[in-house]
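Residue numbers (my numbering), protein chains in the order written: chain E, 1 to 86; chain G, 1001 to 1154. A virtual CB, placed ideally from N, CA and C, is assigned to each residue, including glycine. Reading through the structure tokens given below for one structure.
Right, dumping it as structure tokens:
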């Protein structure tokens, strides 16, 4: 469910995560969030959801199929030994 | 959730260090099913339990090669920021201690250089598990780190 809120950035760049969202995600003081830029969006992810939030974020980078991804991975891994002629 | 994954993540604590090899990271970031279902559970649990994940500089390099081949510098910067700002995923430098462990591992198992460095990185950070999907790395089971194949979790 999406929750739309407007927040203002403070003098030192701080923002307040709205209480409704904090309660919904069980965030409290000292909770750690990961923050990253996704194009024009700023994404804040609670560390307890970091896997869910980052799954598939680089889809299509290493290959379209598992076989293609595995082949590229193997080529890359084997290249260390080839490059150093071990 | 499969029993094996449940057992694995059930053993994670605040003090558990888990080493992640490149296939783990790429399957996750590519959403390669059915592996990404397991990588998601593992990463969410690491975050929830404040455990520590480590990756070798080798894996970081391998990740970046795929991105830079797409000539996507912005994405590479974002990936760097993702790792730098992530409180529970650490990239470990290739330092003297790891070089010496890697040489020992390679001499005993004949694993490739990169594989040996990855096992050595896990070993030097006292990781309990090294999660990969590369069967060759099972040769490193003779050392202290437990090698877990993603295929075994499916």
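Against residue 14 of chain E, chain G offers no close residue; the least beta-carbon distance is about 16 Å (beta-carbon pairs closer than 7 Å).
For the pair residue 1105 of chain G and residue 1116 of chain G, the CB atoms are nearer than the 8 Å cut-off.
Per DSSP, the continuous alpha helix (DSSP H) segment holding residue 1005 of chain G begins and ends at 1003-1010. Listed by position along chain E, the residues whose Cβ is nearer than 8 Å to that of residue 1093 of chain G form an empty set, because the closest Cβ is around 17 Å away. The Cβ atoms of residue 1129 of chain G and residue 1018 of chain G sit closer than 8 Å to each other. One alpha carbon belongs to residue 1140 of chain G, the other to residue 1119 of chain G, and they sit about 7 Å apart.
Rounded to the nearest whole angstrom, the C-alpha separation of residue 63 of chain E and residue 1066 of chain G is 9 Å. Residues of chain E whose Cβ lies closer than 9 Å to the Cβ of residue 1112 of chain G are, in chain order, 77, 78, 80, 81 and 86.
Contact of residue 1131 of chain G with chain E is not assigned, every C-beta pair being separated by 8 Å or more.
The beta carbon of residue 1009 of chain G lies closer than 7 Å to those of 1041, 1042 and 1045 in the same chain, with the five residues before and after it left out. Shown here, residue 1074 of chain G sits in a helix according to DSSP, grouped into three states.
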